[in-house]
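Position one of the sequence shown corresponds to residue 198 (our numbering), numbered consecutively onward. Ideal Cβ placement from N, Cα and C applies to all residues, glycine included.
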Amino acid sequence: MNIFSMTMYNSMGQLKPHAAVGSDDEAFVVPDFPRIKLAGNDFDPPLSEIDRIGPSLEFVVRAQEAMVRSHGMVGNSFYELQPEFSDYWNRNYGPKAWLVGPFCSQTTFIASSNQGIIYII
198 MNIFSMTMYN
208 SMGQLKPHAA
218 VGSDDEAFVV
228 PDFPRIKLAG
238 NDFDPPLSEI
248 DRIGPSLEFV
258 VRAQEAMVRS
268 HGMVGNSFYE
278 LQPEFSDYWN
288 RNYGPKAWLV
298 GPFCSQTTFI
308 ASSNQGIIYI
318 I
């Protein structure tokens, strides 16, 4: 996950800015990031829900508990792309984010051969 996603996830979970709007289509301002406006429909459950419950949330909670006990997390980004979110994360949340991406998220590779040279796309 990239540092923007992690920051928004924590902000939504702790501050619940989407609780103040009347519908999932109505935009709200993300606290500490006034230029960012989102709507509840921008997120999948359970993140879009105000009172989160369910097995996917239990998994996320256990993963975050493990992350808090660690020495840092690896983020799929690089500092120059998202300095605002990286700095915010390292000041307000934790553990320290180590941005070492972007990683290639390609899961399938296509190999072709042309005169003895193999190209992997």
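Handout entry: Boundaries of the beta strand (DSSP E) in which phenylalanine 230 is found, first to last residue
Key = From DSSP, the beta strand (DSSP E) with phenylalanine 230 extends over 230–236.
Practice task
Would you mind stating whether serine 274 and leucine 244 have Cβ atoms separated by less than 9 Å?
Solution key: No, they are not a contact pair.
Handout entry: Inter-residue Cα distance where the pair is phenylalanine 282 and proline 242
Key = Cα to Cα, the separation comes out at about 23 Å.
Exercise for the section: Could you spell out where the beta strand (DSSP E) holding alanine 225 opens and where it closes? Expected result: Looking at the sequence itself, residue 225 is phenylalanine, so the reference to alanine does not match. Element bounds for phenylalanine 225: 224–227.
Problem - For phenylalanine 225 and alanine 217, the rounded distance between their alpha carbons - result: Going by the C-alpha atoms only, they are around 8 Å apart.
Exercise for the section: Using the Cα positions of glycine 298 and arginine 266, report the straight-line distance between them to the nearest angstrom. Expected result: For glycine 298 and arginine 266, the distance between alpha carbons rounds to 23 Å.
Handout entry: Beta-carbon spacing of glycine 272, methionine 203 below 9 Å
Key = In this structure, glycine 272 lies near methionine 203, with their beta-carbon atoms less than 9 Å apart.
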